[in-house]
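**Q**
Protein chains: 2
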Amino acid sequence: MTVEIDRTRRPFVMHEGVAILERTPGTLNALLRGLPEGWISGNEGSATWSPFDVVGHLIHGEQTDWVPRARIILEQGESRPFDKFDRFAQFKASEGRTLASLLDEFAAVRAESLRGLVSLGIKDSDLERRGRHPELGVVTLGQLLATWVAHDLDHVVQISRVLARQYSDAVGPWRAYLRVISGSQG
Amino acid sequence: MTVEIDRTRRPFVMHEGVAILERTPGTLNALLRGLPEGWISGNEGSATWSPFDVVGHLIHGEQTDWVPRARIILEQGESRPFDKFDRFAQFKASEGRTLASLLDEFAAVRAESLRGLVSLGIKDSDLERRGRHPELGVVTLGQLLATWVAHDLDHVVQISRVLARQYSDAVGPWRAYLRVISGSQG
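The listed protein sequences derive, respectively, from chains A and B. Residue numbers for the first sequence follow my numbering, so the first one is 3 and each next one is one higher. Residue numbers for the second sequence follow my numbering, so the first one is 3 and each next one is one higher.
(1) Could one say the Cβ of VAL56 (chain A) lies closer than 8 Å to chain B's Cβ atoms, at least one of them?
(2) Does any C-beta atom of chain B lie closer than 8 Å to the C-beta of GLN92 (chain A)?
(3) Can you tell me the Cα-Cα spacing of SER43 (chain A) and ASP88 (chain A), whole angstroms?
(4) Can you check whether the CB of ARG167 (chain B) is closer than 8 Å to the CB of VAL151 (chain B)?
(5) If you check the beta carbons only, do LEU155 (chain A) and THR142 (chain A) fall under 8 Å apart?
(6) Quick check for students: name the residue ranges of the alpha helix (DSSP H) that lie wholly in the segment 55 to 79 of chain A, counting only runs of 4 or more.
(7) Quick one: which residues of the segment 159 to 174 of chain B get their C-beta closer than 8 Å to a C-beta of chain A? List them in chain order.
(8) Using 8 Å as the limit for Cβ to Cβ distance, is TRP41 (chain A) near chain B?
(9) Name, in chain order, the residues that DSSP records as bridge partners for HIS135 (chain B).
(10) Are the C-beta atoms of PRO68 (chain A) and some chain B residue less than 8 Å apart?
(11) Express the C-alpha separation of ALA32 (chain A) and ALA113 (chain A) in angstroms, rounding to a whole number.
(12) Excluding the five sequence neighbours on either side, which residues of its own chain have a C-beta within less than 6 Å of the C-beta of HIS62 (chain B), listed in chain order?
(13) Going along the chain, which residues of its own chain have a beta-carbon closer than 6 Å to the beta-carbon of PRO13 (chain B), five neighbours each way excluded?
(14) Can you tell which of A:MET16, A:LEU165, A:LYS94 and A:LYS86 has the C-alpha that lies nearest to the C-alpha of SER127 (chain A)?
(15) Our contact map puts LEU105 (chain A) next to LEU76 (chain A) with C-beta atoms below 8 Å; I'd like the distance itself, whole angstroms only.
(16) Rounded to whole angstroms, what is the Cα-Cα separation between ASP171 (chain A) and GLY98 (chain A)?
(17) Taking beta-carbon pairs under 9 Å, can you tell me which members of the segment 105 to 135 of chain A lie near chain B?
(18) Distance check for SER81 (chain A) and GLY185 (chain A), CA to CA, integer angstroms please.
(19) When you compare the CB positions of ARG177 (chain B) and GLY133 (chain B), do they come within less than 8 Å of one another, or not?
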């Protein structure tokens, strides 16, 4: 008898989630710091975001979203809905900044968030504790922390996709093989 | 009069393409080295690839695909089709290896490729030179080099997506907001 292991899903486990969270600033730093300006300001048209915009968005999340919401769950539970998250705050906050300074700030605020997370002293049993999202309704602390991780990765996907698609025409006939350009999931 | 700048496309320019190529090993190193094993071996089901598999695939590309094909274009033009690329070579080649050793090898072979690229002494006018892909037909050197860059980024997208989707269930109601999980382009 062979047992098929499901490799497509994992439950949220604190040390595994933190392992991703602590790597994201270094990943974006390695990918983006020092790139020619055209890469940094590229986007997918009209109101879509550039890599520069995304880094600003990630900074704003550290300041207002993840650890603050975890604290609300632990201290006030479902009685106090989270504040809404402003998905456009970075456009004002990043104005006139350099990408290098945004990357530095993201690394600093992420490190601060991870210290804040430790200070909350979350136990496995706390992951089931419930809070209230202003639109999604009841959510758990474990779901919030898993979302923090997946949200990081979603934006690494986005940045890499925005960069890749800059060459949608330049790759010529190869576009059929490049899933990020052809749009197929692959 | 305002002039709308198109930020969605770039032509291939050697120093801009190389700027991405030289960053990919560091990006994957920052994202993956030391991650718990469950992340490294996660995939999207059945025959899909894990982050471990993708790093092996990138190594194989350095050895057989990009610079070797550029050399064929410069030396033999359209008269000699490229060798086919084996998309599954890494399953044998990576067997029994650690991720750390694959990351080290990728960094080494990529650095070697970039030295090889410099040694070809490609001028802007060479980017129009033509070769023959066994399936796609006539392609240019510029298209090959742009594809090398986009292929790197495509696999950074893939690795980040595979990791994020491990939490497809763990994020609960937030899955509606996470484009990498919901599947919407965003």
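Using N, Cα and C, we set each Cβ at its ideal position, and we do this for glycine too. Model, not experiment: these values are computed from the prediction.
**A** Quick answer:
(1) Cβ-Cβ to chain B under 8 Å: no for VAL56 (chain A).
(2) no
(3) 21 Å
(4) no
(5) no
(6) 68 to 78
(7) VAL159, GLN160, SER162, ARG163, LEU165, ALA166, ARG167, GLN168, TYR169, SER170, ASP171, ALA172, VAL173 and GLY174
(8) For TRP41 (chain A), the answer is yes, since a Cβ of chain B falls inside 8 Å of its Cβ.
(9) B:GLY139
(10) Before going further, note that residue 68 (chain A) is Trp rather than Pro in the sequence given. It does not: the Cβ of TRP68 (chain A) has no partner Cβ on chain B nearer than 8 Å.
(11) 17 Å
(12) ALA91 and GLN92
(13) none
(14) Out of A:MET16, A:LEU165, A:LYS94 and A:LYS86, A:MET16 has the C-alpha closest to the C-alpha of SER127 (chain A).
(15) LEU105 (chain A) to LEU76 (chain A), Cβ: 30 Å. No contact.
(16) 31 Å
(17) HIS135
(18) 42 Å
(19) Contact: no.
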